[in-house]
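Each remark here refers to the structure printed beneath this line.
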Amino acid sequence: MQSKALKPEEYFIEDEPYYQTIGDEIAIFEAAYRQSLPILLKGPTGCGKTRFMEHMAWRLKRPLITVSCHDDLTASDLVGRFLISGGETVWVDGPLARSVRHGAICYLDEIVEARKDTTVVIHPLADDRRVLPMEKVGEIIEATPDFCLAISYNPGYQSVMKDLKQSTRQRFVALEFDYPDAELEAEIIIKETDIDAATAKQLVKFAHMTRDLKGSGLDEGASTRLLVHAAKLIHEDISPVTACSTAIAQAITDDADMLIAMNELSSSLF
Amino acid sequence: MSRQALSLKEIIDILDIYFDVEFSFIKSEQPAELIVRQSRSNQDFILNLTKRIAATNEELAFQFANNAIRALDAMDHHMVEAWAMTATDNYDRKGLFPAMSVIRDLDNYVHKAHVNACGAVLEEEISVLLPFLQGLSGRKLKIAETAENHAYTDTETIYLPAITALLEESKDNFLIYKASVAFLWAQIQFGTFRINFDEILDCEDTETQLKKLATLETVRLEACLQRELPGLHRDMQLLKNKTTSSDTESHSDDWQQIIDRLSNDNASINDTIECLELISESQCPDSHCYQGILKLDQVAEVMHKRIEKEKAYFRIALSELAKESLKKNDDSSDDVEVNEATTFNIKTRDDKQQINSGHVELELEGELVAIPDHVKELMTSIIVDFGEIPPEHLHAAGPGEYDLKKYEEEMLNPKDVWQGTYHEEGAELYNEWNFKRQHYHKNWCVLRELEIEPVYDDFVADTLAKHKGLLKNLRHTFEILRGEDKLLKRQVYGDDIDIDALVEAYADVKSGMEMSDRLFTKMHKEERNVAVMFMVDMSGSTKGWINEAERESLILLSEVIQILGDRFAIYGFSGVTRKRCELYKIKAFDEDYSDEIKARISNIQPKDYTRMGVFIRHMTRIFNQVDASTKLLITLSDGKPDDYDTYRGEYGVEDTRQALYEAHRDGIHSYCITIDEQARDYLPHMYGAANYSVIDDVAQLPLKVSDIYRKLTT
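If you want it as structure tokens, here you go:
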């Protein structure tokens with residue numbers, strides 16, 4: 001079987017991605033989109049921010065261009081650069097410029113990972129100007145009403161280095177995400193993996209145990225995504241204790257004592 | 271070739287020196303006669319240890335030498351050394367007599383060593399047990415060691431015996447710990463203590479009554495654990511089978527009825543109490559290895575204090591929440607009246623599970639109120655005590671109820687140690703290295719972090735004015751260092767095209783050569799990731815010139831470090847004896863360099879002595895919480911480590927050296943700047959040949975310090 005290759009701006013999500021609504025986030029997103037406001041998603045890792053974006057792209061019928069930010073990401077990586085082709089230089093749009101041209105949703109994931117000077121290029125797009133200046137080609141692209149800018153960040157990493165600048169954050173409509181409450185979370189796990197309700201409930205309980213440990217040995221508790229991973233393994237007949245250890249405990253910490261403690265917790269639960 | 275064993279005469283001569291016989295009047299002959307029969311390697315081993323112990327106390331060393339052969343028969347070298355060091359530790363902490371008893375009571379030590387080999391030791395397991403306990407929901411509980419043989423809880427702390435060695439394998443013994451922790455947690459979480467203690471114990475035979483209560487509660491709590499933690503419940507059954515001989519428990523019909531009733535989902539402590547009348551003492555089986563004992567008097571005391579305190583805190587929190595929420599809804603009035611009549615409602619979904627785990631919502635005048643985390647924690651704790659939030663807790667505190675002083679634990683003031691009331695509360699304990707003993711003194715130094723009162727005088731302004739020219743120079747030098755952006759040419763990938771490379775490549779292609787793919791330029795930004803800590807000597811000897819120079823240096827340095835954006839902290843240190851090591855916080859890593867910090871620098875005053883090791887160990891601990899690729903510990907000093915007691919000469923130097931070695935092991939680079947002209951004799955030994963600077967002229971200190979810093983971090 002051959003995988004399909006599509007340009008990101010031409011890729012429309014056809015099937016509805018499963019997303020469990022927690023509050024009125026869909027209505028707010030749609031309202032902000034209609035009013036051409038950029039959106040900031042806050043929340044811990046693995047609580048469904050990216051899935052929400054996919055769902056919204058499907059709902060609004062726009063292509064979704066996702067950029068995972070990292071500390072080597074430069075402004076040219078977003079806007080575009082000259083490349084050489086057959087003895088000539090050719091301008092190639094970056095993902096941000098493509099999104100603006102094609103009226104896509106541009107989603108900058110974990111924006112704080114990018115360096116602060118890179119983040120600044122989105123400023124003219126994120127206020128009422130809604131333009132993307134491209135200095136190197138001497139152009140300004142004006143965004144169509146279809147275009148939407150969304151960024152995400154995890155306020156959990158409370159470090160001076162990894163904080164969003166006020167001048168950036170004050171341009172966005174902020175949507176706060178958190179892990180869903182116990183019943184919803186169990187429901188999500190069942191929907192995603194088809195495991196039985198009792199196991200799903202225990203998994204959620206385990207997640208709450210790890211989240212209680214946040215601050216006393218763990219930087220972050222188990223995310224919904226990790227629970228889904230563990231549930232998938234359990235669905236494949238891996239024992240729940242092993243699944244919790246490999247998919248959850250090992251994923252959130254390297255501390256030997258903490259790993260043992262978490263294994264003791266999961267072996268107590270199952 | 272094995273060396274020849276020492277003769278009796280030789281051994282006596284050696285021991286005479288160790289025991290200092292001229293003054294101690296110890297007779298070396300007796301131990302020497304024992305030692306002479308050993309092989310040379312054993313002889314060396316015993317004599318070496320004897321020498322190390324004699325550095326602490328000759329009498330103790332004499333006892334050791336007498337018993338060493340017996341010890342060697344029972345244990346290997348490693349254990350014998352541990353035994354000797356236990357004795358010296360006891361000497362440090364309790365004195366000669368307890369130390370001697372460790373040596374004399376060799377059999378007991380051997381037995382304990384055996385227990386230690388297969389038993390689980392709380393000190394080692396606590397790092398696993400504590401997170402395990404805190405992962406179980408509810409109140410944040412602590413774990414502590416008890417001298418008793420039974421585990422118990424006072425509803426805030428779970429007390430466990432120091433060693434558990436009931437079963438053969440250490441794995442199983444750990445399991446007993448784990449089961450105890452979970453069982454005692456269940457007592458708190460599932461409401462064993464939600465009873466009126468006086469009523470229960472109001473009978474002739476309180477002991478029997480307690481035993482019956484414990485038995486019945488065990489049935490109920492095990493059922494709870496089976497529902498909540500089925501995996502652990504299975505382990506508990508295994509433990510039961512391993513520890514009790516007869517596993518076939520035949521139950522009478524009555525007893526079975528009780529079990530059924532208490533195992534019910536909705537069974538509470540009230541069911542247990544009603545069942546108390548139904549059983550007799552003879553029906554109570556032996557207690558299980560993990561269930562511990564009930565200490566109702568301790569529970570009552572702790573609970574009483576906590577309930578009062580939490581109620582007060584909670585009601586004050588409610589009143590703050592009420593003010594906030596009412597203000598939001600009512601823009602007109604500036605000040606909203608909140609008093610006892612302001613009552614919140616509890617909203618729960620009718621689900622017992624939810625209430626148990628503290629999932630309740632607060633409602634004020636029909637509107638849900640967002641609950642901050644610390645209030646949530648309070649609510650959880652209250653629910654654990656009562657099973658609900660009692661209605662009388664839900665009135666906001668009125669004016670005049672804000673006084674929490676009586677609930678605050680009496681914190682002993684660190685300054686009290688100077689007023690004759692010695693205490694170690696709020697202090698941190700550190701080991702100290704004894705080079706003669708080749709071992710640490712455990713928890714030897716008592717360190718406290720104190721604040722320096724800021725003094726807003728003209729010192730900072732004067733310093734900046736005095737060194738205006740120098741500062742300008744320094745700023746310039748440091749600005750050059752900042753974020754060196756380099757344009758890298760001929761890159762495979764980059765932001766822009768490298769036209770030079772492209773022209774060359776094009777020419778290459780035209781002339782038939784292979785074209786290079788390195789045609790781009792890339793901006794490389796180097797980010798500094800440096801954390802630096804300054805440890806400033808505040809000993810009495812710095813009085814005058816030196817102190818002033820130190821302060822000036824700190825001001826100048828702080829000014830220029832700001833330019834680089836490096837994280838930095840400044841601490842001053844001084845003290846008298848190991849019991850009073852005082853660290854003065856001038857600037858912590860997370861504080862901004864503000865006017866207050868400047869005012870604190872201006873108030874750095876010479877105090878007492880210089881006991882360095884303990885401070886370096888504390889700095890290392892602070893540094894370990896900082897994430898930086900380069901960690902630098904710079905000491906500004908005016909002389910050798912020196913303290914009022916034995917901390918001088920070689921001892922002080924060796925302890926400091928050991929502390930620096932520990933810091934190095936944790937990835938911290940140490941550097942010393944001193945004005946002591948003799949420092950060249952001892953600093954290379956402590957810091958290493960290239961890690962120190964001696965400054966001859968005090969006036970040069972401000973310039974030199976900045977200069978050294980620049981060199982060190984580039």
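In order, the protein sequences belong to chains A and B.
When you number the first sequence by my numbering, it's gap-free, plus one each residue, and the end is 270.
When you number the second sequence by my numbering, it's gap-free, plus one each residue, and the end is 984.
Beta carbons: idealized from backbone N, C-alpha and C, even for Gly.
Judged by beta-carbon spacing, Asp-807 of chain B lies within the 9 Å limit of Leu-906 of chain B, meaning their Cβ atoms are closer than that value. If you draw a straight line from the Cα of Ser-651 of chain B to the Cα of Gly-408 of chain B, it is about 7 Å long.
Remark: three or more beta-carbon pairs, one from each stretch, lie closer than 8 Å, so the segment 860–879 of chain B and the segment 807–816 of chain B are flagged as touching. Listed along chain B are Val-398, Phe-402, Lys-448, each with a C-beta nearer than 7 Å to that of Glu-264 of chain A. Chain B places a beta carbon closer than 9 Å to that of Lys-136 of chain A, counting this residue as a contact. Between the segment 318–331 of chain B and the segment 284–292 of chain B there are three or more C-beta pairs closer than 8 Å, enough to call the two in contact. Beta-bridge annotation (DSSP): Arg-837 of chain B is paired with B:Ala-801. Under the Cβ criterion of 9 Å, Val-779 of chain B is counted among the residues facing chain A. Looking at the backbone, the Cα of Glu-631 of chain B and that of Thr-613 of chain B are separated by about 14 Å.
Nearest CB-CB separation between Ala-452 of chain B and chain A: below the 9 Å threshold.
Under the Cβ criterion of 9 Å, Ile-84 of chain A is counted among the residues facing chain B. DSSP places Met-506 of chain B inside the alpha helix (DSSP H), whose first and last residues are 500–513. The alpha-carbon separation between Ile-140 of chain A and Met-134 of chain A amounts to approximately 6 Å.
Selection A:Ala-186, A:Val-92, A:Arg-62 evaluated against Tyr-107 of chain A yields A:Arg-62 as nearest (Cα-Cα). For Gln-457 of chain B, the uninterrupted alpha helix (DSSP H) segment begins and ends at 440–459. Spatial neighbours of Ala-302 of chain B in its own chain (CB-CB distance under 7 Å, excluding positions within 5 residues in sequence) are listed in chain order as Leu-278, Ile-281, Ile-282, Leu-285.
When 9 Å is used as the limit between beta carbons, Pro-500 of chain B is near these residues of chain A: Gln-202, Ser-268, Leu-269, Phe-270, in chain order. As summarised for the segment 155–234 of chain A, the continuous alpha helix (DSSP H) elements at least 4 residues long and confined to that stretch are 166–169, 182–193, 197–212, given in chain order.
The alpha carbon of Ile-151 of chain A has as its nearest neighbour, out of A:Leu-40, A:Pro-124, A:Tyr-11, the alpha carbon of A:Leu-40. Any Cβ of chain B closer than 9 Å to the Cβ of Thr-210 of chain A would place that residue at the interface, and such an atom is present.
Rounded to the nearest angstrom, the Cβ distance from Lys-792 of chain B to Gln-761 of chain B is 4 Å, consistent with a contact under 8 Å.
The three-state secondary structure of Thr-890 of chain B, taken from DSSP, is helix. In this structure, the alpha-carbon of Asp-24 of chain A lies about 22 Å from that of Glu-192 of chain A. Between Gln-300 of chain B and Ser-309 of chain B, the alpha-carbon positions lie close to 18 Å from each other. Out of A:Ser-85, A:Pro-17, A:Gly-86, A:Leu-73, the CA that lies nearest to the CA of Glu-54 of chain A is found in A:Pro-17. In summary, Arg-129 of chain A is exposed, with fewer than 16 beta-carbon neighbours lying within 10 Å of its beta-carbon over all protein chains present.
Secondary structure at Met-573 of chain B: helix, using DSSP grouped into helix, strand and coil. Closest by C-alpha distance to Asp-93 of chain A, out of A:Ser-223, A:Asp-257, A:Val-100, A:Gly-80, is A:Gly-80. Under a criterion of Cβ atoms nearer than 7 Å, the residues of chain B adjacent to Gly-217 of chain A are, in order, Pro-401. Below the 8 Å Cβ cutoff, chain A contributes Met-209, Thr-210, Asp-212, Leu-213, Ala-261, Met-262, Leu-265 as neighbours of Gly-405 of chain B, in chain order. Within chain B, no C-beta atom comes less than 9 Å from the C-beta of Asp-196 of chain A; the nearest is roughly 14 Å away. Taking all protein chains in view, the Cβ of His-888 of chain B is crowded by 16 or more other Cβ atoms within 10 Å, so the residue is classified as buried. When rounded, the separation of the alpha-carbon atoms in Thr-118 of chain A and Ala-75 of chain A is 5 Å. Within chain B, the residues whose beta carbon sits less than 8 Å from that of Asp-257 of chain A are Ser-397, Val-398, Pro-401, listed in sequence order. With fewer than 16 neighbouring CB atoms inside 10 Å of its own CB, Tyr-726 of chain B falls in the exposed class. Here the C-alpha atom of Ile-373 of chain B lies approximately 24 Å from the C-alpha atom of Thr-434 of chain B.
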